[in-house]
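Top to bottom, those sequences are chains S and A. If you're matching positions, the first sequence starts at 748 in the working numbering and goes up one per residue. If you're matching positions, the second sequence starts at 748 in the working numbering and goes up one per residue. What follows is a single structure, written as structure tokens, with notes after it.
Protein chains: 2
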Amino acid sequence: MSEKREQIIEAASQIIHLKGFNNTSIDDILQRTGVKKGNFYFYFKSKEELGFAVLEHLIGEFHRRCLAPIQASADTPFNKMIRVIDALDSEQAKAQCCGGCPFGNMALELSDLHEGFRQRLEEIFRGMAQLFQSLLKDAAGELVEGVDLEEVSQFIVAVVEGGIMLAKVHKSITPMRQCFRQLKQYLSTLRRGPIDASGSAQWLGKRNTQ
Amino acid sequence: MSEKREQIIEAASQIIHLKGFNNTSIDDILQRTGVKKGNFYFYFKSKEELGFAVLEHLIGEFHRRCLAPIQASADTPFNKMIRVIDALDSEQAKAQCCGGCPFGNMALELSDLHEGFRQRLEEIFRGMAQLFQSLLKDAAGELVEGVDLEEVSQFIVAVVEGGIMLAKVHKSITPMRQCFRQLKQYLSTLRRGPIDASGSAQWLGKRNTQ
DNA sequence: GCTAATATACCGACCGGTCGGTACAGTACC
DNA sequence: GGTACTGTACCGACCGGTCGGTATATTAGC
């Protein structure tokens with residue numbers, strides 16, 4: 748991979764994260780990088796291709812910065828899950844509630860406009876849910892029985908995305924923190940633990956109980 | 748209010764809901780309504796003004812179609828809350844997972860681009876949370892003690908928005924339904940009820956327990 | 001070791017088209 | 001005859017993308 752290509756993708760990722768895909772012009776990216784237009788179109792055949800490259804870059808960054816250190820740690824699977832949520836929290840705090848989740852942003856912007864982007868984003872969200880699901884699965888020994896892991900993992904993704912949205916629109920981390928705290932308390936009810944292992948909490952997250 | 752003005756707002760609301768604000772052109776709206784450009788700028792001094800009018804229109808529609816019938820019903824406050832969630836569910840189903848939540852869409856698109864829109868959207872989200880909070884407050888008699896109503900209501904908003912996002916990107920109501928079912932089960936743990944009123948569930952949603 | 005050929009990297013002018021917005025003449029109604 | 005409304009022509013800025021052409025480094029043939 749060319750270094751300049753990576754440099755374009757890096758800059759484009761940042762601008763698109765803040766301004767959205769359609770609202771980011773090629774000229775915005777050229778101005779930031781100093782790359783000239785003819786050169787840009789040597790590396791990317793279209794803005795669309797850049798968009799896909801940006802998605803891959805963002806996934807890689809997220810894995811490298813947030814996931815990998817936690818996965819490599821000695822924590823229990825359940826605590827890893829909590830730490831992922833905390834990592835997302837500190838990401839938003841660091842960004843001062845600007846940008847939000849780049850995947851959530853692009854999902855809402857593009858899902859009804861561009862089927863190709865929608866499919867890639869669907870895969871990304873599926874991956875997010877599967878990350879939580881595999882952590883929950885690894886934590887099965889820590890959990891009460893009858894928990895629908897797929898459903899709970901989807902729920903976690905929704906709370907995370909919804910919480911980040913609230914932070915972005917309120918320009919405050921408080922509402923997101925409130926949501927995440929509720930989520931953690933909810934998750935702790937799935938845990939076989941000192942509070943209540945066999946009583947009322949066990950049915951939470953069960954299938955077909957409604 | 749002029750009838751034609753309302754007609755423009757109605758059409759603009761639909762298009763903006765599907766394509767986003769910046770990605771909807773004035774010409775899109777003119778084509779849909781048959782209104783000519785000079786006429787449009789007689790009723791709206793700018794696209795921005797139209798955007799604010801669209802937000803007001805969407806709020807009105809949401810109240811009229813989803814909230815008012817439920818508020819006027821004889822249900823208990825707690826059941827009203829459940830019915831609001833169900834109403835949001837059927838809205839997404841009816842739209843075949845297209846569009847998503849217009850407020851969530853615009854919040855993610857515009858919060859970092861336009862401070863005026865951000866502020867109005869923040870108010871709207873505050874209103875959503877307050878709606879749930881007031882229902883929870885009215886349901887206080889049905890609830891266990893020590894529930895942080897503000898925090899829980901914020902949590903509900905996040906799950907709703909996150910769930911709708913998942914429906915939109917997956918083009919399926921299933922992930923959203925899963926989230927909403929988890930949410931309802933969570934809410935039922937806040938309820939003073941036959942399952943467990945004084946045991947493990949009461950601490951859910953409490954402040955400062957972490 | 002020189003030259004010719006080739007691939008990669010880069011440049012900036014330019015394209016057709018669209019954007020939000022304006023100017024202004026015409027018209028319908030009181 | 002004024003006022004509220006409507007239609008059309010038009011504006012400059014910007015959009016994504018293309019174009020012909022250049023600089024440079026590598027390689028091949030002799």
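Glycine included, every Cβ here is placed at the ideal spot set by N, Cα and C.
{"Item": "Cβ neighbour criterion (16 or more within 10 Å) applied to A:E803", "Value": "exposed"}
{"Item": "Chain S within 7 Å of A:A944, Cβ atoms only", "Value": "Annotation note: pLDDT 38 at A:A944 (below 50); position unreliable, no value reported."}
{"Item": "Residue burial classification, S:E862 (beta-carbon count within 10 angstroms, cutoff 16)", "Value": "exposed"}
{"Item": "Through-space distance from S:F927 to A:F799, alpha-carbon basis", "Value": "31 Å"}
{"Item": "is_contact[A:F902, chain S] using C-beta, thresh 7 Å", "Value": "yes"}
{"Item": "Cut-off 8 Å between Cβ atoms - residues of its own chain near A:Q754, not counting five sequence neighbours on either side", "Value": "T780, V782"}
{"Item": "Sequence ranges, alpha helix (DSSP H) only - wholly within the stretch 806–831 of chain S, length at least 4", "Value": "815–818"}
{"Item": "Any 3 or more C-beta pairs closer than 8 Å across the stretch 843–857 of chain A and the stretch 902–920 of chain A", "Value": "yes"}
{"Item": "Residue range of the unbroken alpha helix (DSSP H) whose run includes S:I920", "Value": "Where S:I920 is concerned, there is no enclosing alpha helix (DSSP H), given that its DSSP letter is neither H nor E."}
{"Item": "Member of A:T823, A:L883, A:A876 whose CA lies at the smallest distance from the CA of S:M923", "Value": "A:A876"}
{"Item": "Extent of the continuous alpha helix (DSSP H) to which S:D885 belongs", "Value": "862–885"}
{"Item": "Reference S:R938; option with closest CA among S:F864, S:V899, S:R811", "Value": "S:V899"}
{"Item": "Pairwise C-alpha distance: S:T771 and S:K792", "Value": "17 Å"}
{"Item": "Straight-line gap, A:P757 to A:Q818 (C-alpha atoms, nearest Å)", "Value": "Strictly speaking, residue 757 of chain A in this sequence is Glu, with Pro absent from that position. In a straight line, the C-alpha of A:E757 is about 25 Å away from that of A:Q818."}
{"Item": "CA-to-CA distance, A:Y933 to S:Q929, given in whole angstroms", "Value": "10 Å"}
{"Item": "Same chain, Cβ closer than 7 Å to S:E908, neighbours up to 5 away in sequence not counted", "Value": "C848, G851"}
{"Item": "Bridge-paired residues (DSSP) for S:R938", "Value": "S:L890"}
{"Item": "Exposure of S:D774, with buried meaning 16 or more beta-carbon neighbours within 10 Å", "Value": "exposed"}
{"Item": "S:V782 (DSSP reduced to helix, strand or coil)", "Value": "coil"}
{"Item": "Nearest residue (CA-CA) to A:F872, options S:G888, S:M912, S:L857", "Value": "S:M912"}
{"Item": "Contact with chain A by S:K915, beta-carbon distance below 7 Å", "Value": "yes"}
{"Item": "Pick from S:E795, S:N826, S:S935, S:V831 that is closest to S:R811, judged by C-alpha positions", "Value": "S:V831"}
{"Item": "Simplified DSSP state of A:G798, which is helix, strand or coil", "Value": "helix"}
{"Item": "Residue-level contact to chain S via CB, A:E908, 7 Å cutoff", "Value": "yes"}
{"Item": "Closest Cα partner of A:I763 within the set S:S935, S:E856, S:F879", "Value": "S:E856"}
{"Item": "Listed by chain order, chain S residues near A:Q925 by CB distance under 7 Å", "Value": "E898, Q901, F902"}
{"Item": "Cβ neighbour criterion (16 or more within 10 Å) applied to S:D822", "Value": "exposed"}
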